[in-house]
């Protein structure tokens with residue numbers, strides 16, 4: 029029994045920043061089916077059941093719930109189950125500060141469950157992107173048959189801003205490929221295998237044990253496991269040009285480079301502007317996709333910039349990945365607690381010290 | 029992470045006595061979609077998600093898993109979610125004797141989750157009935173929008189007997205009623221409300237909090253709760269003539285009456301025959317439906333019989349309900365441990381003592 | 029991640045009606061160790077761990093959490109682990125009405141987990157009894173090495189009344205028996221086996237699989253299971269004179285008998301008084317122990333009374349057990365929803381109709 | 029209900045490579061208390077309860093169970109609860125290949141739960157180290173009041189080798205500091221705060237919500253959260269010289285450097301020997317502590333070596349951290365599936381290509 033966990037299914041356009049205790053009262057203005065389960069294990073289980081029943085489904089949670097879901101999320105990677113999991117980051121670990129903004133789950137979103145998988149994680153930095161990237165998260169999850177994480181932070185999830193809802197029919201909506209009559213290979217093939225739904229007449233066994241292309245368990249030898257796990261990873265990593273999105277500014281011509289994501293990036297905008305007014309050439313990469321990590325953009329930024337600054341509302345997480353790609357140490361600007369944002373001034377200060 | 033828990037969805041005809049660790053390998057000979065989740069919480073969650081996505085779904089487990097599912101099963105009663113839960117009873121409590129037959133969950137199947145609900149519980153006593161009552165369990169769950177428990181025991185679940193699968197098209201298959209365009213009342217109405225599926229275009233909030241007919245939460249006053257919970261119960265108890273099934277023999281004309289269910293009833297057949305050969309007039313009621321309790325049949329049996337015998341593989345459970353209906357004490361024949369069945373001789377012995 | 033679940037350990041005198049979201053802030057005025065876990069599974073797990081580590085531990089929850097704990101509570105019965113579980117009943121099933129009083133878990137408290145076990149369930153009807161019966165619940169759990177349920181209702185849990193805390197040293201405090209050096213039999217012996225604590229130097233395997241007196245698993249044959257499960261039950265049922273407590277009034281000399289428990293019994297007091305003023309001889313049994321069911325008191329009441337009335341805030345639960353013992357139908361007074369109590373007038377009305 | 033999860037408490041010397049389904053039968057030859065819970069949530073909950081009850085406790089699991097425990101492990105970091113979690117890595121994600129060796133959880137062991145915490149993770153590479161590092165894991169967990177992960181792999185957990193058990197009294201055993209009478213500060217102080225046990229007479233509230241030094245919840249402002257979380261991290265990172273252990277060979281004078289851990293390091297030994305016979309100067313760091321990452325040793329290795337090779341039984345995990353420290357790309361030797369080990373020949377081949 030848990031408060032605060034829900035499971036949405038149906039239209040992929042439920043804006044996650046509208047999620048609240050009382051959403052059920054306001055649902056008629058939204059659309060689709062809203063289910064409030066008893067806890068996060070039930071929610072993520074329901075998502076998996078609904079997805080195999082042929083529907084698009086998502087759930088939204090925060091750190092502790094996201095941690096509790098890790099086993100079932102791993103089940104989703106292994107069974108190639110399309111679904112969207114929204115993690116609205118707050119100050120952790122543990123229950124921490126339940127409604128205070130933070131960015132401390134960014135490495136967990138990549139590595140939270142066990143074994144070798146490829147995570148797709150998107151990071152909105154506005155109410156509009158809560159909408160747009162929720163749609164995009166569904167599209168990617170359907171196209172690549174994989175769980176996709178929408179890694180928001182409390183600030184972005186609760187910000188009140190005008191959101192433009194595109195006219196019906198103008199939105200790109202991707203849906204999973206269904207099998208043709210006679211198809212028997214539903215997993216791990218070259219590209220992305222078609223996915224049957226319950227009741228469509230296909231025989232299918234869905235197991236997170238190692239299985240072959242038709243779903244048969246193979247838990248002994250190496251070849252099947254190797255082939256399937258490599259396929260799981262390859263379907264993501266061979267499509268990074270489709271999956272990875274960044275917002276870039278001056279990345280090839282700057283003295284100071286900044287890498288940021290989520291709410292923190294909004295302070296970067298202002299800091300960059302003011303730094304440039306002060307004569308410092310600033311470039312930045314804003315990670316709209318966090319995982320797979322935007323290596324190309326960040327390494328181009330690192331090539332030109334003398335210093336790299338990584339502001340994030342944690343004690344240093346994505347900075348490690350930037351260091352790995354940059355091949356050198358970065359300047360870390362970290363802040364935690366009470367939902368206090370990193371201010372433009374604090375970033376500007378770091379820019380000046382760095383420059 | 030648990031071995032031994034699974035979630036089936038799709039065709040309601042998967043025979044539960046075929047459930048085994050290696051079912052996934054043999055699935056192509058069956059039909060439908062088989063999902064092996066990581067544990068019972070994930071399984072029952074997936075069932076609920078699939079059911080609201082518009083499909084028929086079941087899961088099969090044994091005592092400990094059935095206990096772990098109790099919160100989510102309660103969610104299912106409150107949200108009127110059709111689904112089938114198979115509990116193959118084994119010796120408990122706790123892990124007990126994992127593959128040894130027992131009948132110790134019969135009261136739990138009625139009272140295992142909290143609050144006021146009406147349970148529908150069926151009890152097969154042959155491989156054929158594993159098939160027939162699984163179909164029937166789905167039909168009842170769809171007709172009355174409620175979880176239905178198929179309460180098997182290890183003996184019946186593992187017995188190897190010829191099963192007659194009816195020709196396609198001859199089987200009665202009941203499916204839930206879907207709403208008509210414009211419908212907005214999806215819960216607790218007189219009779220059984222129509223149930224929308226995810227993606228059918230209806231706005232619906234599904235919550236196990238007290239809610240009204242359109243799904244709006246009402247957690248304060250008495251009238252909505254009272255009306256909805258009474259509806260939950262009435263939809264079952266006003267249809268006992270449809271739901272309750274018994275096998276009866278001589279119930280109006282006997283000296284000794286026997287009430288039994290599941291594998292134990294097979295010893296009753298033989299004991300009754302031998303008792304009658306020995307001149308004792310024996311009547312019996314075999315509970316094919318256990319809950320709602322077959323009050324009419326048992327009270328007729330109790331009216332005529334001088335003594336009532338209740339054999340069951342536990343320390344005395346359904347005997348209490350028989351006593352309540354009969355208005356007097358019964359002769360209990362109990363046996364637990366090692367999967368040892370109550371023999372015809374043991375029942376015959378009780379008949380002779382009783383007679 | 030769940031709000032509202034906690035695990036208390038240490039002194040058995042934490043008054044459960046003081047439990048609230050903000051207890052942690054006020055703890056210094058109480059005593060002992062208060063742990064807030066993430067959900068009910070973690071809480072009941074922590075209770076079991078603390079108990080085997082040699083301490084007294086309890087947890088408090090409401091219906092949905094109580095349902096979620098059922099598997100681990102069964103583990104506690106099978107491993108003979110002393111602990112106290114407080115279930116503060118509210119309107120169910122499901123999340124229901126989260127803070128509205130109810131009495132709908134009374135059968136679940138007896139039958140919520142699978143297999144054959146004997147439940148000890150106490151029912152307070154005042155703030156003083158929240159205190160007294162919490163102490164008593166610990167004493168019984170320690171003496172008989174078994175989980176004990178304190179089945180409160182929201183009314184009693186939240187009522188504000190003067191509570192007399194006995195002077196230190198005047199309270200009877202029972203603690204489990206520890207083994208003597210050389211002891212090796214820690215389970216299921218005649219009477220109640222001694223219980224070693226982690227780190228006391230005894231070798232002990234604790235498993236909810238069927239095990240013998242030294243803790244060795246025996247999952248095949250019947251004799252060990254039979255012997256151990258019968259011991260589990262016998263240690264409770266052979267001590268009903270110690271465990272079962274009732275409040276009785278005129279039970280041997282009345283026209284109308286009333287059986288009640290929890291908050292409802294307080295309306296019975298007044299109804300009885302007023303009925304007697306009106307010349308109806310009323311007797312009553314108030315179940316301070318609900319399970320094992322007070323058969324002796326209720327059957328004496330039933331013997332003399334022409335009519336029996338069972339008021340309870342559910343759709344009829346303990347009334348079934350009264351009928352079983354009485355051997356006849358009773359008058360049920362039921363009320364659910366919104367936390368509305370059964371009033372003295374409603375009971376009086378039933379008395380008049382019955383009389 | 030899950031097979032394969034257990035909770036050990038008592039002596040910290042239970043060798044984890046003796047863990048097996050049937051350990052309970054053999055326990056008398058070991059020592060301490062062995063508890064088999066129903067699943068990993070119950071196990072890790074029991075560990076936390078036992079630890080606060082004043083005992084040393086551990087649990088052992090594999091990938092899926094480790095994922096399921098992530099929320100409660102985070103509770104342990106936040107509440108500074110000493111305990112040991114053994115994760116015996118097998119091929120994932122999901123259920124994967126249940127008994128096949130792998131090294132795919134190494135990043136999860138660092139980042140599996142949400143928020144900002146410092147993980148201590150040890151990696152044995154022999155049966156002897158299963159023993160030694162289990163003791164060391166307990167010592168570190170008690171000294172720093174933190175969960176410690178013993179990250180084994182299936183190969184090392186199941187290898188049969190002679191283990192030298194030190195004479196009683198010669199082993200260094202560290203136990204947590206208990207408070208003195210009158211102490212009230214039990215969390216997050218400079219250094220490591222004393223930890224009271226249930227029943228010792230201290231009033232203590234244990235919550236994974238942000239709390240101050242006396243355990244009082246503070247979920248609003250920034251300062252308390254910041255101070256406490258920084259203390260959580262500082263108590264580990266300011267003691268890396270005590271916590272971080274590596275095995276080093278020629279790290280300051282080599283052409284090719286190798287970084288490895290667990291079973292893979294045993295192939296490195298032989299590969300290094302043969303490479304040196306062939307005239308290639310090889311240095312290596314074997315990570316006996318994986319987290320905190322041995323930055324000093326690895327950066328010294330990276331400074332001198334022309335090429336760095338990182339063999340690991342996954343698709344590339346710790347190699348990223350090596351790259352971050354080295355400031356350049358490394359040669360990755362990866363192998364997954366079927367439990368097939370990386371052979372000395374495969375490493376030698378990489379050495380030759382690298383050299």
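Protein chains in written order, with the numbering used here: chain Y, 29 to 383; chain U, 29 to 383; chain W, 29 to 383; chain H, 29 to 383. Don't be surprised by glycine CBs; every beta carbon is placed ideally from N, CA and C.
Would residue 287(U) pass as an interface residue toward chain Y - the criterion being a Cβ-Cβ separation below 7 Å? Locating residue 287(U) in the second chain gives position 259, counting from the first residue. Not an interface residue.
Per DSSP, which residues does residue 129(W) bridge with? Please list them. Here residue 129(W) corresponds to residue number 101 of the third chain, with the count starting at 1. In the DSSP output, where bridge partners are listed per residue, residue 129(W) has 118(W).
DSSP bridge partner residues for residue 396(U) (one or two, in chain order): Since the displayed chain U opens at 29 and closes at 383, residue 396(U) lies outside it and no answer follows.
Span of the beta strand (DSSP E) around residue 274(Y): For the purposes of this step, residue 274(Y) is taken as residue 246 along the first chain, with counting starting at 1. Note, residue 274(Y): beta strand (DSSP E), 274-277.
Throw me the rounded Cβ distance for the residue 310(U) and residue 303(U) pair, which I believe falls under 8 Å. Start at 1 with the first residue of the second chain, and residue 310(U) comes out as number 282. Start at 1 with the first residue of the second chain, and residue 303(U) comes out as number 275. Contact flag correct, Cβ pair sits at about 5 Å.
Expressed to the nearest angstrom, what Euclidean distance is found between the alpha-carbon atoms of residue 162(H) and residue 110(H)? Indexing the fourth chain from 1 puts residue 162(H) at position 134. Indexing the fourth chain from 1 puts residue 110(H) at position 82. Roughly 13 Å separates the two Cα atoms.
Just how far apart, CA to CA, sit residue 324(W) and residue 372(W)? Sequence index remark: in the third chain, residue 324(W) carries index 296 (1-based). Sequence index remark: in the third chain, residue 372(W) carries index 344 (1-based). About 26 Å.
With distance defined between alpha-carbon atoms, name the residue in 381(Y), 198(Y), 209(Y), 368(Y) nearest to residue 251(H). In the fourth chain, the residue the question calls residue 251(H) occupies position 223. If we check each option's Cα against that of residue 251(H), 368(Y) comes out closest.
How is residue 81(U) classed by DSSP in three states: helix, strand or coil? For the purposes of this step, residue 81(U) is taken as the residue at position 53 of the second chain. Coil.
Name the residues in the segment 78-95 of chain Y whose C-beta lies less than 9 Å from a C-beta of chain U; which are they? 78, 79, 80, 81, 82, 83, 84, 85
What does residue 335(H) pair with, by DSSP beta-bridge criteria? As a working note, residue 335(H) is residue 307 in the fourth chain. Residue 335(H) is bridged to 284(H).
Look at residue 346(Y) and residue 327(Y) and say whether their C-beta atoms are less than 7 Å apart. Walking along the first chain from the start, residue 346(Y) turns up at place 318. Walking along the first chain from the start, residue 327(Y) turns up at place 299. No, Cβ-Cβ distance for residue 346(Y) and residue 327(Y) is not below 7 Å.
Applying a beta-carbon distance threshold of less than 8 Å, which residues of chain U neighbour residue 356(W)? Position 328 of the third chain holds residue 356(W). Within chain U, the residues near residue 356(W) are 355.
Starting from residue 99(W), find everything on chain U with Cβ-Cβ shorter than 7 Å and list it in chain order. Against the third chain, residue 99(W) aligns to sequence position 71. Simply 92, 95, 96.
Does residue 209(H) pass the burial test, meaning 16 or more other C-beta atoms within 10 Å, or should it be called exposed? On the fourth chain, position 181 is the one that residue 209(H) refers to. Exposed, since its Cβ has fewer than 16 Cβ neighbours within 10 Å.
Touch check for the segment 134-143 of chain U and the segment 155-175 of chain U: three-plus C-beta pairs under 8 Å? no
Are residue 282(Y) and residue 330(Y) closer than 7 Å when you measure CB to CB? In the first chain, the residue the question calls residue 282(Y) occupies position 254. In the first chain, the residue the question calls residue 330(Y) occupies position 302. In this structure, residue 330(Y) does not lie closer than 7 Å to residue 282(Y) by Cβ.
Run through the DSSP bridge pairs and tell me what residue 319(H) is partnered with. Taking the first residue of the fourth chain as 1, we reach residue 319(H) at position 291. 149(H).
What does the alpha-carbon distance come out to for the pair residue 54(H) and residue 224(W)? Stepping through the fourth chain from its first residue, residue 54(H) is reached at position 26. Stepping through the third chain from its first residue, residue 224(W) is reached at position 196. Low confidence applies to residue 54(H): its pLDDT is 48, below 50, so where it sits in the model is not reliable, and the reading given next is rough at best. Between residue 54(H) and residue 224(W), the C-alpha separation is close to 18 Å.
Got a sec? Which residues, its chain only, sit under 6 Å from residue 241(U) by beta carbon, not counting five neighbours each side? What you label residue 241(U) is simply residue 213 of the second chain in a count that begins at 1. Closer than 6 Å at Cβ, skipping near neighbours: 213, 215, 216, 217.
CB of residue 118(U) within 7 Å of CB of residue 182(U), strictly: Position 90 of the second chain, counted from the start, is the residue given in the question as residue 118(U). Position 154 of the second chain, counted from the start, is the residue given in the question as residue 182(U). Going by C-beta atoms, residue 118(U) is nearer than 7 Å to residue 182(U).
Under the rule that 16 or more other beta-carbon atoms within 10 Å means buried, what is residue 365(W), buried or exposed? Residue mapping note: residue 365(W) aligns to position 337 of the third chain, counting from 1. With 16 or more Cβ atoms within 10 Å of its Cβ, residue 365(W) is classed as buried.
Beta-carbon contacts of residue 244(H) that lie in its chain and below 6 Å, excluding the five residues immediately before and after: Taking the fourth chain and counting its residues from 1, the one referred to as residue 244(H) is at position 216. Cβ within range, chain order: n/a, list empty.
Please identify the residue among 363(W), 95(W), 375(W) whose C-alpha is closest to the C-alpha of residue 258(U). By one-based count along the second chain, residue 258(U) stands at place 230. Answer by Cα proximity: 363(W).
Do we get a CB-CB distance below 7 Å when we pair residue 234(W) with the residues of chain H? By one-based count along the third chain, residue 234(W) stands at place 206. By this cut-off, residue 234(W) is an interface position.
Nearest-angstrom beta carbon gap, residue 112(U) and residue 97(U) [assumed within contact, 8 Å]: By 1-based counting over the second chain, the position of residue 97(U) is 69. By 1-based counting over the second chain, the position of residue 112(U) is 84. Incorrect: roughly 12 Å between the Cβ atoms, too far for contact.
Can you tell me where the beta strand (DSSP E) holding residue 180(W) begins and where it ends? Working through the third chain from its first residue, we reach residue 180(W) at position 152. First-last of the beta strand (DSSP E) with residue 180(W): 175-181.
DSSP three-state assignment for residue 267(U), whether helix, strand or coil: Walking along the second chain from the start, residue 267(U) turns up at place 239. The answer is coil: DSSP assigns residue 267(U) none of H, G, I, E or B.
Excluding five sequence neighbours on each side, which residues of the same chain lie with their C-beta closer than 6 Å to the C-beta of residue 51(Y)? Taking the first residue of the first chain as position 1, residue 51(Y) is located at position 23. Reliability of the predicted coordinates at residue 51(Y) is poor, the pLDDT of 47 falling under 50, and no value is obtained from them.
Between the beta-carbon of residue 65(W) and the beta-carbon of residue 74(H), is there less than 7 Å? Along the third chain, read from residue 1 onward, the residue named residue 65(W) stands at position 37. Along the fourth chain, read from residue 1 onward, the residue named residue 74(H) stands at position 46. Taking 7 Å as the Cβ cut-off, residue 65(W) and residue 74(H) do not qualify as a contacting pair.
Relative to the C-alpha of residue 101(H), which residue among 145(H), 63(H), 132(H), 62(H) is closest? Your numbering for residue 101(H) matches position 73 in the fourth chain. The shortest C-alpha separation from residue 101(H) is found at 145(H).
Taking 7 Å as the threshold (beta carbon to beta carbon), is residue 365(U) in contact with chain W? For the purposes of this step, residue 365(U) is identified with residue 337 of the second chain, where counting begins at 1. Residue 365(U) counts as touching chain W.
Identify each residue in the segment 289-316 of chain Y for which the Cβ-Cβ distance to at least one residue of chain W is less than 8 Å, and report them in chain order. none
Rounded to a whole number of angstroms, what is the C-alpha to C-alpha distance between residue 261(H) and residue 141(H)? By one-based count along the fourth chain, residue 261(H) stands at place 233. By one-based count along the fourth chain, residue 141(H) stands at place 113. Distance between the alpha carbons of residue 261(H) and residue 141(H): 15 Å.
Counting only the same chain and skipping the five closest in sequence on each side, list residues whose C-beta sits under 8 Å from that of residue 99(W). Mapped onto the third chain, residue 99(W) falls at position 71. Same-chain partners within the cutoff: 141.
Whole-angstrom C-beta distance between residue 308(W) and residue 337(W), which should lie under 8 Å: Numbered from 1 along the third chain, position 309 holds the residue referred to as residue 337(W). Numbered from 1 along the third chain, position 280 holds the residue referred to as residue 308(W). In fact, because the Cβ distance is near 11 Å, the residues do not count as touching under 8 Å.
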